[in-house]
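Working notes, structure below.
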Amino acid sequence: MAYLELDRVAKQFGAQTVVDDFSLSVGKGEFISFLGPSGCGKTTTLQMIAGFLDPTRGAIRLEGKDLTAVHPAKRGLGIVFQSYALFPHMTAAENVAFGLEMRNVSRNERTERVRAALAMVGLAGYEDRHPRRMSGGQQQRVALARALVIKPSVLLLDEPLSNLDAKLREEMQIELRQIQRTIGTTTILVTHDQNEAMSLSDRIVVMSQGKIEQIGTPQETYEKPASAFVSQFLGKTNDFAAMIDRTAAAAKLVAGSWSAPAPAGLNGAVTVSVRPERIGFGDAGLTAKIVTRIFQGNHWLFQCESECGPAIVIRQNDGQAQPAEGEAVRLSWRPEDMSVRARAVA
Amino acid sequence: MSMAAEERSARAPWALTAPALMLFVGVLLIPLAMTVMLSFHDWGQYKGIEPVFILKNWHEIATDPYYAEMFWRTFRIAILTTLLTALLGAPEAYILNRMSGRWKSFFLLVILGPLLISVVARTLGWALLFGGNNGLVNKLLMSLGAIRSPIPFMFTETGMVVALAHVMMPFMVLSVWAALQRLDPQIENAAMSLGASPATIIRRIIMPQIMPGVLSGAIIVFSLSASAFATPAIIGGRRLKVAATLAYDEFLNTLNWPLGAAVATLLLVALVLIVVGSNALIERRYAEVFR
Ligand SMILES: Nc1ncnc2c1ncn2[C@@H]1O[C@H](COP(=O)(O)OP(=O)(O)OP(=O)(O)O)[C@@H](O)[C@H]1O
Ligand SMILES: [Mg+2]
Chain A
1 MAYLELDRVA KQFGAQTVVD DFSLSVGKGE FISFLGPSGC GKTTTLQMIA
51 GFLDPTRGAI RLEGKDLTAV HPAKRGLGIV FQSYALFPHM TAAENVAFGL
101 EMRNVSRNER TERVRAALAM VGLAGYEDRH PRRMSGGQQQ RVALARALVI
151 KPSVLLLDEP LSNLDAKLRE EMQIELRQIQ RTIGTTTILV THDQNEAMSL
201 SDRIVVMSQG KIEQIGTPQE TYEKPASAFV SQFLGKTNDF AAMIDRTAAA
251 AKLVAGSWSA PAPAGLNGAV TVSVRPERIG FGDAGLTAKI VTRIFQGNHW
301 LFQCESECGP AIVIRQNDGQ AQPAEGEAVR LSWRPEDMSV RARAVA
Chain B
1 MSMAAEERSA RAPWALTAPA LMLFVGVLLI PLAMTVMLSF HDWGQYKGIE
51 PVFILKNWHE IATDPYYAEM FWRTFRIAIL TTLLTALLGA PEAYILNRMS
101 GRWKSFFLLV ILGPLLISVV ARTLGWALLF GGNNGLVNKL LMSLGAIRSP
151 IPFMFTETGM VVALAHVMMP FMVLSVWAAL QRLDPQIENA AMSLGASPAT
201 IIRRIIMPQI MPGVLSGAII VFSLSASAFA TPAIIGGRRL KVAATLAYDE
251 FLNTLNWPLG AAVATLLLVA LVLIVVGSNA LIERRYAEVF R
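Read top to bottom, the protein sequences are chains A and B.
Here the first sequence is numbered in full-length UniProt numbering, starting from 1 and rising by one per residue.
Here the second sequence is numbered in full-length UniProt numbering, starting from 1 and rising by one per residue.
Next comes the structure, spelled out in structure tokens:
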């Protein structure tokens, strides 16, 4: 049964529809990411769950009960803001204790829980520091501890890692995932960083212009993107224009000089999407010429000009000889490594 | 770097600040020093100012209770004015800050607009409304039978505090407004999500954070009110004197310049001590939080 449920939620600001027809059910303990480009309505959706914004249409339910009828102060959700929004005039411990104070938790229990929460995020000993005297990563941890100490039913994170540098961000991702696994809080993370979404979540909600493009596990969304948008947004991809030819005895999928048995259900003009790391150089397949070859340590990146347009190929650096710039090659891939969509012909 | 160049670069800052420095010395420091010196000179009804060094004026100020009462009144009015502007100005700035775009800029203009109007004109407005039997409000209330005699406003300390608070309000609102701009826009939502009620949010989250703004506004309002001249002169006239109007009177009516200079110097010294002292206190108190 769904723990948190969004049922056809929509939000309008004046005439502008910012979130539309947003339906999602989140299981207890699940880690969900909202992933999408800037301005696609991720924050707006999160704020509707938090109660800072009222949905224009639709319902939000927590354990079957209507959440929109509950005042935000009574929802008992833990929220970490992009700017952290720590209370600058309070110490780290006072910041974390605030939510417990509001719940009238006794002083002794409060001290104990604050200490435990700060220790959990790796800030034992920082109790008496003021936020302004802490680094970005430490402030971020205080914000996380403050949200978690009240034992929230759902943890909402609005791009909590976007202000951190790359290395710290990676560390915090691992830590965040571990903490979430340990205490099992249902979590929704807003991000526009696809790596972050992939490495942290059980399921990803890919959004574009206020609408859900796809809901699925990181692997599903990466390998079986439901739309061109998803395949473009999640990592690099090659889109080749292809045709399905059902005139011959055995129906064929043809892209230039590459062909394979046609998949069922489609006909005519289609688009074939293949991830760059799934394309190999071989004796048969799409004819192409290598334009540039870039060495990136553990892999090579090839930019090719193929008969079906530009293509990117990534090959592991396994010590084998690689084709040089200007060399003519043939590109091929296994049928199970591609996704095929119908293509509108202009 | 060669010696000559080094010397030149060491001299450059002095040369560059020289014009401003000369202006500062010429129009502020020299007159100030002369005023202080003047306060030690002698004065007589018939002999005028005598450039000697005596403590007569300072002795008179120190012993005559008239001056003590007058200085005490000056600071009492300044303190009450400061309290009134803080009590009204801080909520005003907060409400203003919560208004939506168009209204916000409109009301900001309404609050700051009076700064463009002369203090004299603004104070005279109060005199027109409450000045004795002919004041507009007094007349109206009396003809309605609501009051029997005019509300005492002119020549009262209350009147002076009200008029001064009105004149000083923009400074307090601006100062608190600046502090509010530094708040994280999500801070109230953060507190709310942790279960805080609106009253708690204001008391525990907003107030402590805008306190430095209120206090710096208070310092501005206090020092401006204690040294204000136009408003006390119009409301208090020569019946209810404060330090500034007293000094003016000694200079221009009695022509006892040395005594006027002593009053002015004492007011200046007292103000500098109070402002510097409270500033240091505030900075110490909030050093941990606001670097
Ligand atoms: N209060 C508001 N009034 C009008 N429009 C708004 C308001 N808040 C957000 N919007 C609009 O709604 C759209 C979605 O905003 P939202 O903040 O949800 O985006 P987001 O996906 O969180 O983007 P980002 O990754 O940049 O944070 C934007 O086009 C924004 O301009
Ligand atoms: Mg956002």
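Cβ coordinates follow ideal geometry from the N, Cα and C atoms, glycine included.
Remember, predicted model here, so these are calculated numbers, not experimental data.
According to the DSSP assignment, VAL214 (chain B) belongs to the alpha helix (DSSP H) that extends over 207-226. At a cut-off of 9 Å between beta carbons, ASP184 (chain B) contacts chain A. Distance from the CA of GLU250 (chain B) to the CA of VAL167 (chain B), rounded to the nearest whole angstrom, comes to 26 Å. As computed with DSSP, SER339 (chain A) is found in a beta bridge with A:SER273.
Under the three-state reduction of DSSP, ASN238 (chain A) is assigned to strand. In this structure MET99 (chain B) is exposed. Its beta-carbon is surrounded by fewer than 16 other beta-carbon atoms within 10 angstroms. Listed by position along chain A, the residues whose Cβ is nearer than 7 Å to that of ASN97 (chain B) form an empty set, because the closest Cβ is around 16 Å away. A distance criterion of 8 Å places the beta-carbon of GLU196 (chain A) beyond contact range of ligand 2, judged by its closest non-hydrogen atom. Ranked by how close their Cα comes to the Cα of ARG177 (chain A), the residues A:PHE31, A:LEU331, A:GLY137, A:ALA2 have A:PHE31 in first place. GLN219 (chain A) and GLU175 (chain A) have their C-alpha atoms some 21 Å from each other. Judged by DSSP secondary structure, PRO261 (chain A) falls within the beta strand (DSSP E) whose first and last residues are 258-261.
ILE187 (chain B): member of the alpha helix (DSSP H) spanning 187-193, first to last residue. Chain B has a Cβ within less than 9 Å of the Cβ of HIS89 (chain A). Using a CB distance below 8 Å, the part of the segment 66-81 of chain A facing chain B consists of PRO72, ALA73, LYS74, ARG75, GLY76, LEU77, GLY78, ILE79, PHE81, ordered along the chain. The residue among A:ARG146, A:VAL291, A:ILE279, A:ASP202 with its C-alpha nearest the C-alpha of ALA324 (chain A) is A:VAL291. Taking C-beta separations shorter than 7 Å and ignoring five residues to either side along the sequence, the partners of LEU115 (chain B) in its chain run PRO170, following chain order. Secondary structure of THR158 (chain B) (DSSP, three-state): helix. Taking a Cβ-Cβ threshold of 8 Å, the residues of chain A close to ILE187 (chain B) are ALA85, PHE87, in chain order. At least one heavy atom of ligand 2 falls within 8 Å of the beta-carbon of GLU159 (chain A). About 6 Å separates the beta carbons of LYS236 (chain A) and ILE312 (chain A), which is inside the 8 Å limit, making them a contact pair.
For MET102 (chain A), the nearest CB of chain B lies under 9 Å from its own CB, placing it at the interface with that chain. Residue A:LEU156 holds the alpha-carbon nearest to the alpha-carbon of GLN82 (chain A) among A:SER227, A:MET243, A:THR221, A:LEU156.
For LEU118 (chain A), the three-state secondary structure derived from DSSP is helix.
Each of A:ALA92, A:LEU253, A:PHE13, A:THR182 was checked against the Cα of GLY29 (chain A), and the nearest Cα belongs to A:THR182. For the 9 Å CB-CB criterion, VAL149 (chain A) and THR187 (chain A) do not form a contact. Among the bridge pairs identified by DSSP, SER25 (chain A) is matched with A:GLU5. Around the CB of ASP66 (chain A), fewer than 16 other CB atoms lie within 10 Å, so the residue is classed as exposed. Within the segment 104-138 of chain A, contact with chain B at the beta-carbon level (separation under 7 Å) is assigned to HIS130, ARG132.
HIS192 (chain A) has its CB nearer than 8 Å to a heavy atom of ligand 1. Cβ-Cβ separation between ARG129 (chain A) and GLY99 (chain A): approximately 19 Å, too far for a contact (criterion under 8 Å). 9 Å or more divides the Cβ of LEU124 (chain B) from the Cβ of ASN138 (chain B). In the three-state DSSP reduction, ILE212 (chain A) falls in the strand class (E or B). With contact defined as three or more Cβ pairs closer than 8 Å, the segment 316-331 of chain A and the segment 271-288 of chain A are in contact.
Taking a C-beta cut-off of 7 Å against chain B, none of the residues of the segment 240-265 of chain A qualify.
Look at LYS42 (chain A): its beta carbon is less than 8 Å from one of the heavy atoms in ligand 1. In this structure, LEU164 (chain A) keeps its C-beta atom at 9 Å or more from the C-beta atom of LEU35 (chain A).
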